[in-house]
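Residue 26 in the working numbering sits at position 14 of the sequence shown, and the numbers go up by one each step. C-beta: ideal position from N, C-alpha, C; glycine also.
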Amino acid sequence: MHSFRIIILTVLILLTGFYAAADEVWRLRYSALISAENEITRSSSSSSAELSTSGHSGSFVFANGIGLGYSAAKANGNLEDISYKFKNNSLDLSYTTGSSFSFTLGAGRMINGRGEIILNGVDYVTESVSGESIFLNLGIPFF
13 MHSFRIIILT
23 VLILLTGFYA
33 AADEVWRLRY
43 SALISAENEI
53 TRSSSSSSAE
63 LSTSGHSGSF
73 VFANGIGLGY
83 SAAKANGNLE
93 DISYKFKNNS
103 LDLSYTTGSS
113 FSFTLGAGRM
123 INGRGEIILN
133 GVDYVTESVS
143 GESIFLNLGI
153 PFF
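Laid out in structure tokens, this is it:
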């Protein structure tokens, strides 16, 4: 809960502390996850696996470049006869600059998720999840 308060305070300071000139008053952004790098660590061993990934995110970008968003991602795959399934949702805070070619840098905090492992026909499910993300997007407008 403490980190959520820090995020809210940071957003308020950034929204009221400066104003960057922009052509639009606000922007809506949608992104689709097209690739991901995954590594699975079990005990002290670490293995890389090609997991099937999918996901999307949407964000509302204010005129000063600060954006608030929501992301959802899924990953499925197999490694050493073990089936893995992961789902997560996060809230994102970002900064976007540029209009005809944009650059976005941001961070996200997981708000809920689920991990499932199937080993020898037995399902094991996570009891709790936590995580953070850092992202960088380059973009051009389509319309």
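Residue i bridges to which residues according to DSSP?
i       : result
Val-134 : Leu-131
Asp-104 : Gly-81 and Gly-120
Val-73  : Arg-39 and Gly-79
Gly-89  : Tyr-96
Leu-148 : Leu-117
Gly-125 : Asn-100
Gly-67  : Ala-85
Please look up how many angstroms separate the CB atoms of residue i and residue j, rounded, as I've assumed it's under 8 Å.
i       : j       : result
Thr-108 : Val-141 : Thr-108 to Val-141, Cβ: 28 Å. No contact.
Asn-11  : Asn-124 : No answer is possible for residue 11: the residues shown for the chain start at 13 and end at 155.
Met-80  : Ser-71  : Checking the displayed sequence, the identity of residue 80 turns out to be Leu instead of Met. Confirmed, about 6 Å.
Ser-43  : Ser-69  : 5 Å
Leu-103 : Gly-120 : 6 Å
Please list, in chain order, all residues of the same chain as residue i whose beta carbon is under 7 Å from its beta carbon, the five residues on each side excluded.
i       : result
Ala-33  : Model confidence at Ala-33 stands at a pLDDT of 48, short of 50, so the residue's coordinates are unreliable; what they give is reported in the following sentence. Same-chain partners within the cutoff: there are none.
Glu-139 : none
Leu-45  : Thr-65, Ser-66, Gly-67, His-68 and Ala-85
Kindly list the residues whose CB is nearer than 6 Å to the CB of residue i, restricted to its own chain and excluding five residues on each side of it in sequence; keep chain order.
i       : result
Gly-151 : Ser-114
Gly-77  : Ala-32, Tyr-107, Thr-108 and Thr-109
Thr-116 : Ser-106, Thr-108 and Asn-149
Ile-146 : Ala-119
Excluding sequence positions up to five away, which residues of its chain have a Cβ less than 8 Å from the Cβ of residue i?
i       : result
Trp-38  : Phe-72, Val-73, Phe-74 and Ala-75
Leu-40  : Gly-70, Ser-71, Phe-72 and Val-73
Tyr-82  : Ser-69, Gly-70, Ser-71, Asn-101, Ser-102, Leu-103 and Asp-104
Asp-135 : Glu-128 and Ile-129
So does the stretch 92-107 actually touch the stretch 115-130, counting three or more Cβ pairs closer than 8 Å?
-> yes
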